[in-house]
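Heads up: the sequence shown runs through residues 1 to 522, numbered per the UniProt record's numbering. Positions of the beta carbon are idealized from the N, C-alpha and C atoms, including for glycine. Quantities reported herein were computed from a predicted structural model and do not represent experimental measurements. Reading through the structure tokens given below for one structure.
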Amino acid sequence: MTEFASRLERVARNPEVFKTLGRGVERETLRYHQDGRLACTPHPVGLGSAFTNDKITTDFSESLLEFITPVSRDIDTLIGQLEDIHHFTQTKLGEEKMWPLSMPCFVGEEDDINLAQYGSSNPGRMKTLYREGLKRRYGSLMQIISGVHFNFSFPDVFWDELFGEQDEQQRQDAKSDGYFALIRNYYRFGWLIPFFFGASPALCSSFLHGRETDLPFEKLGHSLFLPQATSLRLSDLGYTSNEQSDLKINFNSLEEYLEGLNAAIRTPSNQFSKIGVKVDGEYRQLNTNVLQIENELYAPIRPKRVAKQGEKPSEALTRGGVEYIEVRSLDVNPYSRIGITEDQVRFLDLFLTWAMLSDSEPMDYCEQACWRDNWNKVIIEGRKPDLELKIGCMGEVLTLQTWAKRVFDELVLIAEQMDKANGGNHYQAVCTKLLSWIDNPELTISGQFLEETKCFGGMGKVGCEFGKRYRTEHLEHQYKIYSKAQMEQEVERSIEAQKVAEESDTVSFDAFLEDYFSYLKS
């Protein structure tokens, strides 16, 4: 019996392991007008405070909504929560709609993209200033690309079955080591996610705004596309940072990861120093380091722990180890009105469990460069027949299809156990469907969507058509998990919470920032 099979047998002994996986979703979506143009209006008052609302906030821009679900142990509950949040939001948008794609709708000028506002409290002003820094560093267009983040954790019984009895410190260390083993395997094989679920093979020509690119785009109306691309959102044109490409961040242990992250936070950037921090009395960014704050690190997956009040992400990880992981490489699914489907959630359950249970050797920087090259190939030409990938610097070169089928040989075994625990055959059905996509890449979401884009005559047209349909569906939706009263209560609570925060400031903004970043001087 292989080590993988042995580990799977151990955790599958307890049915609760696969019935109580922890999941949460953060979905981003732009508000837009009927004609496909970005909505430049402020965040709707009826949605409460974007600074303190637990379910509905904004990301980079006032126009970029972000919906957040709590941790759920049940897929139906997770989907129902997202549907309820979308329904409530649409009732507050008037004629505006939610853009159903990852790549932005038409944007006339970058100045049309208004930075998200979080009120006059020092923490609220810092959030907006952080976004000002992002704007000056990378440009606003990159920052309004939408995605879906999937938060995932294993229940306590998983660790009990896998490791047996441990004291508190042993368990904390074992969980962190386990999650980093998962992260390394995600980097090695996570290109499966843009292959299956990438949904941005095209973009609006307004997105380039004169930017030069070597990519061999083809033109379709006001859209540009690559015939075999899967996820331009994840490409060098999308949500990436060249300034971060030379960072040496290691995924072999929590300690090494934090060491690399803390170095990046303290490393001055020659490029960003030219922007300045405070010029003529106006702040331009938080600081001139490669990362203003930890959240600026662009990564397809992150180790996470819920932070206490005033605690930075790295401080939370140092205190309690890794609690869950955040998958950040999902495009918005245009074929779902909430941006993600149950089948996608089930595949992520399977894949992340596989990544945890499979062998995961330490990864050096040479191998990191190798997986980065594999991801880029899949992102730009993932539907190319017999695309070759390499695993490891001196590793075997095989086609994407061969590598994918090797992974699915073991995913199917996990699917059998998950279906046994949950009843039905949903997980095995997902494997069967996606296996058919491996040999027929045009069945993938990017393949389907590009064909739809061609039929409609452009990305903007298909986006508007889907958005119109989803607006109607959102408005017709009946609450499943929440209620209108609960959503309105959160709106009122968030407004009051922002007011309290603004009345609680005791120091100037300058002094607040000085204190916040005092740790960089130690």
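Open item on the list: In whole angstroms, give me the CA-to-CA distance for residue 329 and residue 194.
Closed with: 7 Å
Task: residue 171 - DSSP class collapsed to helix/strand/coil - done: helix
- [ ] Kindly indicate which three-state DSSP category residue 430 falls into: helix, strand or coil?
- [x] helix
Task: Backbone CA spacing between residue 465 and residue 207 [nearest angstrom] - done: 20 Å
- [ ] Please work out which residues of its chain come closer than 8 Å, Cβ to Cβ, to residue 467, disregarding the five sequence neighbours upstream and downstream, and give them in chain order.
- [x] 32, 97, 98, 99 and 100
Task: residue 8 - partner residues in DSSP beta bridges - done: Under the DSSP definition of a beta bridge, residue 8 lacks any partner.
Task: Residue environment, residue 417, which counts as buried when at least 16 other CB atoms sit within 10 Å - done: Classification for residue 417: buried.
Task: C-beta atoms of residue 471 and residue 90 nearer than 8 Å - done: yes
Open item on the list: Helix, strand or coil for residue 39? Go by DSSP, reduced to three states.
Closed with: coil
Task: Reference residue 500; option with closest CA among 123, 94, 394 and 218 - done: 123
TODO: Report yes if the CB atom of residue 315 is closer than 8 Å to the CB atom of residue 383, and no otherwise.
DONE: By the CB criterion at 8 Å, residue 315 and residue 383 fall outside the cutoff.
- [ ] Tell whether a beta-carbon distance below 8 Å holds between residue 428 and residue 439.
- [x] no
Task: Alpha-carbon spacing of residue 355 relative to residue 35, whole angstroms - done: 43 Å
- [ ] State the DSSP-derived secondary structure class of residue 527, mapped to helix, strand or coil.
- [x] The question about residue 527 has no answer, for the chain in this structure spans 1 to 522.
Task: N-terminal and C-terminal residue of the beta strand (DSSP E) that residue 446 is part of - done: That residue, residue 446, is in no beta strand (DSSP E); its alpha helix (DSSP H) goes 445-456.
Task: Cβ-Cβ distance between residue 284 and residue 147 below 8 Å - done: no
Task: Where residue 86 falls: helix, strand or coil (DSSP) - done: helix
- [ ] With a threshold of 16 other CB atoms inside 10 Å of the CB of residue 55, please say whether the residue is buried or exposed.
- [x] buried
Task: Under the three-state DSSP convention, the category residue 204 falls into - done: strand
- [ ] Over the uninterrupted alpha helix (DSSP H) stretch that includes residue 313, give me the two end residues.
- [x] 313-320
TODO: Confirm, please, whether the CB-CB distance from residue 25 to residue 78 is below 8 Å.
DONE: yes
TODO: Return helix, strand or coil for residue 56, following the three-state DSSP convention.
DONE: strand
- [ ] Mind checking which residues open and close the beta strand (DSSP E) that includes residue 151?
- [x] 147-153
TODO: Identify, in the order they occur along the chain, each residue of the same chain with its Cβ nearer than 8 Å to the Cβ of residue 435, setting aside the five sequence neighbours on each side.
DONE: 405 and 408
Task: With 16 other Cβ atoms within 10 Å as the buried cut-off, status of residue 255 - done: exposed
- [ ] Assign residue 330 to one of three DSSP states: helix, strand, or coil.
- [x] DSSP places residue 330 in strand when its eight states are reduced to three.
TODO: On the DSSP bridge assignment, give the partners of residue 28 in chain order.
DONE: Residue 28 is bridged to 66.
Open item on the list: Is there a C-beta anywhere in chain B that falls below 8 Å from the one on residue 192?
Closed with: Included in the structure is just one protein chain, with no chain B present.
Task: Which of helix, strand or coil DSSP assigns to residue 51 - done: coil
Open item on the list: Could you compute how far the alpha carbon of residue 511 sits from the alpha carbon of residue 182?
Closed with: 41 Å
Task: Residues of its chain near residue 229, where Cβ-Cβ distance is below 6 Å and the 5 sequence neighbours each way are ignored - done: If we look at residue 229 and ignore the five residues flanking it on each side, its Cβ neighbours are 201 and 380.
Open item on the list: Within the continuous beta strand (DSSP E) that includes residue 397, where are the two ends?
Closed with: 397-399
Task: Delimiting residues of the beta strand (DSSP E) encompassing residue 194 - done: Note, residue 194: premise wrong, no beta strand (DSSP E); alpha helix (DSSP H) at 192-197.
- [ ] Express the C-alpha separation of residue 71 and residue 157 in angstroms, rounding to a whole number.
- [x] 17 Å
Task: For residue 72: DSSP bridge partner residues - done: 23
Task: Complete runs of the beta strand (DSSP E) confined to the region 242-309 [at least 3 residues] - done: 301-304
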